[in-house]
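Report on one structure; see the data block that follows.
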Amino acid sequence: MRVMIDINRHKGLYIIFLAMIGATPPLATDMYLAAIPIIAREWNVGEHLVNLSLVLWFASFSSSLLFYGPLSDKFGRRPVLLGGLFMFVLSSVLCTLSANVWQLILFRILQGAGAAAPSAMVMAICRDKYEGEERRKAFAYLGTVLAVAPMVAPMIGAFLLSLGSWRYIFLTQASMVACTFAVSFLFQETIQERLSGEWYRVFFRYRNVFSNWKFMRTNLTLGISAGPLYAFIAFSPIYYIGINGFSESKFSFLFAFNAFGAMFGAFVCSRMLKYFKPNTLITFCLGGAVFAAGGLWMLSFSAWYFFTCFTFLTTFFICMNRPLSNNLIVEQVNTDIGSASSFMVFTQLMFGALCMFIVSGTHAHRLAVFNLLFASVAVFVMINWIFLRKRLS
709 MRVMIDINRH
719 KGLYIIFLAM
729 IGATPPLATD
739 MYLAAIPIIA
749 REWNVGEHLV
759 NLSLVLWFAS
769 FSSSLLFYGP
779 LSDKFGRRPV
789 LLGGLFMFVL
799 SSVLCTLSAN
809 VWQLILFRIL
819 QGAGAAAPSA
829 MVMAICRDKY
839 EGEERRKAFA
849 YLGTVLAVAP
859 MVAPMIGAFL
869 LSLGSWRYIF
879 LTQASMVACT
889 FAVSFLFQET
899 IQERLSGEWY
909 RVFFRYRNVF
919 SNWKFMRTNL
929 TLGISAGPLY
939 AFIAFSPIYY
949 IGINGFSESK
959 FSFLFAFNAF
969 GAMFGAFVCS
979 RMLKYFKPNT
989 LITFCLGGAV
999 FAAGGLWMLS
1009 FSAWYFFTCF
1019 TFLTTFFICM
1029 NRPLSNNLIV
1039 EQVNTDIGSA
1049 SSFMVFTQLM
1059 FGALCMFIVS
1069 GTHAHRLAVF
1079 NLLFASVAVF
1089 VMINWIFLRK
1099 RLS
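Residues 709 to 1101 in our numbering are what the sequence shown spells out, letter by letter.
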């Protein structure tokens, strides 16, 4: 009982607990990236086919979010969290046992559905537990800790590949999330008032979310700003391993370097909140993303290190902005918090899956498509934010 009290009442331990459940999705993607070319060679199929196990994972992940949010408003965050983590562990074991690419794709879809529960619950729990400035800081601290997962995950993946089989990756995922599953039994429910009525009627609560124009406009403007991050996840093994011929270990180092930009951005955000207003920082971050996208377009064609530097810079600005944007989005709702939180993450992930699909195609000029996507998203978000900020002020 004493351990439960420490986890639920100690701020530092609670942020670590939230980071543990929030790290489930990046563990399922980033640890696996370097294995995609190896799996394609082992089963003698195209890399674009194996990449479907990544793209459809995100599609499954995103669509499942829409179910978990309303269900958590009705039944509580705890049962939804535990159910999703259990599904993730089971499907990860099934991925280990896959006999062909189609089985792998199917089990990855199930894995994505399981990973959606902890991802949705992180946002909802933060909205339940924290308010105002405390919530902004919680999002920033959480972003800093969560960034460790994409830094470490590809290195773990490369190490496991060196042991001889990509199957070890999914076995490791199952083991790590099984530990998170065990710790989650200590989690105390945070929702104060649950929805009444028949369980299936909770899904009609999305009408309240969709009719909230401030939430919808803010979500659709700032939510898609993270799209380039997901594009990089899908394109990075293609660029570093496929196009440039780098080894899996070198790829993992370069991917971790980019992930460090995510952690550094979230850390800087937590410090800058002491000196600047959140909306001012959002404008600065979006402007920085436009600048980085411009540098990527002008210089990345000449050398891989320009690509690395400007994708790092883009990641830095996007992840400095994400805690601020996520907080601003959830601030627009006072009821149906689980549904709103799920729809927010759904928007980000579905757009991310679309970006991943675009850059994973068999284009003649893949880098040009990737750079154009980065620039288009950055400029579009910046223009819309200028008009939105006036409406929210």
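Where a beta carbon is used, it is the ideal one built from N, C-alpha and C, also for glycine.
Residue state for Thr988 is assigned as helix, using DSSP reduced to three classes. The C-alpha of Ala997 is placed about 22 Å away from the C-alpha of Met924. Secondary structure of Trp874 (DSSP, three-state): coil. Annotation for Asn916: the continuous alpha helix (DSSP H) segment containing it runs 914 to 918.
Taking Leu802 as the centre and dropping the five residues before and after it, the same chain places the C-beta of Phe815 closer than 6 Å to its C-beta, in chain order. Between Glu897 and Arg786, the C-beta spacing is below 8 Å.
Rounded to the nearest whole angstrom, the C-alpha separation of Thr926 and Ser933 is 11 Å. Contact between the region 939 to 958 and the region 1053 to 1066 is established, with three or more Cβ pairs separated by less than 8 Å. The beta carbon of Gly822 sits closer than 6 Å to the beta carbons of Gly792, Met795, Phe796, Ser799 from its chain, once the five residues preceding and following it are set aside; these are given in chain order.
In the three-state scheme derived from DSSP, where H, G and I count as helix and E and B as strand, Phe999 is classed as helix.
The beta carbons of Leu869 and Ala743 sit closer together than 8 Å. Ala1076 counts as exposed, since fewer than 16 other beta carbons sit within 10 angstroms of its beta carbon.
The region 886 to 896 and the region 747 to 758 do not touch, with fewer than three beta-carbon pairs separated by less than 8 Å. In this structure, DSSP gives Val1077 a helical state, which the three-state scheme calls helix. Annotation: the continuous alpha helix (DSSP H) that includes Lys922 extends over 921 to 930. DSSP places Phe794 inside the alpha helix (DSSP H), whose first and last residues are 785 to 804.
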